[in-house]
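Quick note: the sequence shown uses full-length UniProt numbering, first residue 1, plus one each step.
By construction, the Cβ of each residue, glycine as well, lies at the ideal position given by its N, Cα and C atoms.
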Amino acid sequence: MAERLDRARVVRCALVLLDEVGLDGLTTRRLAAELDVKAPALFWHFRGKDDLLDEMAATMLADLADADVWDDASADWAECVRESAHVLRSEITRRRDGARLFARTFADPALGRAAIARPMRILTDAGLAADDAAAAWRTVLGFVLGFVVQEQGRPGERAASDDAAPAASDDAAHGAGAGAGAGAGPVEAEVEAEGVVSRAAEVDAQFAFGVDVLVRGLRSRLGVESADAAAAVCGEARITADEV
C-alpha cells in the first residue's frame, strides 16, 4: 500500500532532496519523482513552489523550537539564547543552501511566529515586554542568518561551483599533478589540515563573540526595563501615600 501523501511528507522529502541537489536544482518535477507521484499531485497540498519553500523554512525553525534546549522551563534565559543560536547555526549549515532557504522566515515573520512561541515565553518570563521579546528573537535569527550566509557564500555561489568546469588538457593536468606531488608530503598535508582546523576555530570564536554581544545587550535591556518597572511601583506607592 502506497504511503499517504500529505504536506509533512512532501516537506521532509523536499528537505532531503535539497541536500542532494541544492535550492536551484529543487524542482517540483524532481520532487514528485522522489515521491513517486505526478507533479500535479503536489499542488493539492501547496499553491506553488514558493509555498513549498516557505513551509520548508518554517519546518527548519520548528525543528529548532522542538530542541531540548527549550524543555527545561527553569533554564536561564541567557543560556537558552546562546544555545538556540548555536543550534540554529548548526541546523542551517547542515543543509545545503540552508541560509538561502531559511532567509524566508526572516523576510516573513508570520512563518516563524508559532515556532518561537516557547522561546519568546522564556524572555517574557525573564521580564522583557512581549514586543521586545519578539524583536529580540528576530535580532538573534537575523544575526545567525547573516553569519551563515557568509559561511555558505553568496547566493548561487555553491550551485555555480557544482557545475562541471571545462576539462583541462592532458598536458596541463599532468603538469599540475606533478607539481602537487613534488611539493605535497605528509608534513605539508598535516600543516594544511591544521590550518583548516585553526580557521574553523576562529570562525566559531567569532560566532560565539557575536552571540555574547547579543546576550549582553538583552541583559542590559532587561536591567533598564526592571529599573523602569521599579520606578513605576515606587511612583504608585508615593501617590498612594500622599492620598492617605
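query = So, helix, strand or coil for I116, using DSSP?
reply = coil
request  = Below 7 Å CB to CB, which residues in the same chain sit around V215 once its five sequence neighbours on both sides are set aside?
outcome  = A78, V81 and R82
task = Classify D163 as helix, strand or coil using the three-state DSSP reduction.
result = Model confidence at D163 stands at a pLDDT of 41, short of 50, so the residue's coordinates are unreliable; what they give is reported in the following sentence. Residue state, collapsed to three classes: coil.
inquiry  = Looking at T12: is its Cβ nearer than 8 Å to the Cβ of E3?
reply    = First, the residue type needs correcting, since residue 12 is Arg and not Thr in the sequence shown. No; because the gap between Cβ atoms is not below 8 Å, this pair is not in contact.
message = Once the 5 residues before and after D108 are set aside, which same chain residues still bring their CB inside 8 Å of it?
response = D54
ask   = Helix, strand or coil: how does DSSP classify G177 here?
value = Note that G177 scores 45 on pLDDT, short of 50, meaning its location in the model is unreliable and no value can be drawn from it.
ask   = Taking the alpha-carbon positions, what's the T124 to D131 distance?
value = 9 Å
message = Quick check on S220: buried or exposed, where buried means 16 or more other Cβ atoms within 10 Å of its Cβ?
response = exposed
message = Between the alpha carbons of L145 and L88, how many angstroms are there, rounded?
response = 9 Å
task = Please state whether DSSP places R4 in a helix, a strand or coil.
result = coil
query = Cβ atoms of T93 and residue 317: under 8 Å apart, would you say?
reply = As displayed, the chain neither begins before 1 nor continues past 244, which places residue 317 out of reach and without an answer.
inquiry  = Rounding to the nearest angstrom, what Cα-Cα distance links D6 and H45 in this structure?
reply    = 7 Å
query = In this structure, does DSSP put V37 in helix, strand or coil?
reply = coil
request  = Keeping to the same chain, check which residues put their C-beta closer than 7 Å to that of A85; ignore five residues upstream and five downstream.
outcome  = V140, V144 and V211
query = How far does the alpha helix (DSSP H) with R96 in it reach, from first residue to last?
reply = From DSSP, R96 is part of no alpha helix (DSSP H); its letter is neither H nor E.
key: Where the alpha helix (DSSP H) containing G48 begins and where it ends   = It is not in any alpha helix (DSSP H) - G48 carries neither H nor E in the DSSP assignment.
message = Here's the rule: buried if 16 or more other CB atoms are within 10 angstroms of the residue's CB, otherwise exposed. What is T59?
response = buried
request  = Round the Cβ separation of A18 and L128 to the nearest angstrom and send it over; I've been treating them as touching at under 8 Å.
outcome  = For the sequence presented, residue 18 should be read as Leu rather than Ala. The Cβ separation is near 34 Å, so there is no contact.
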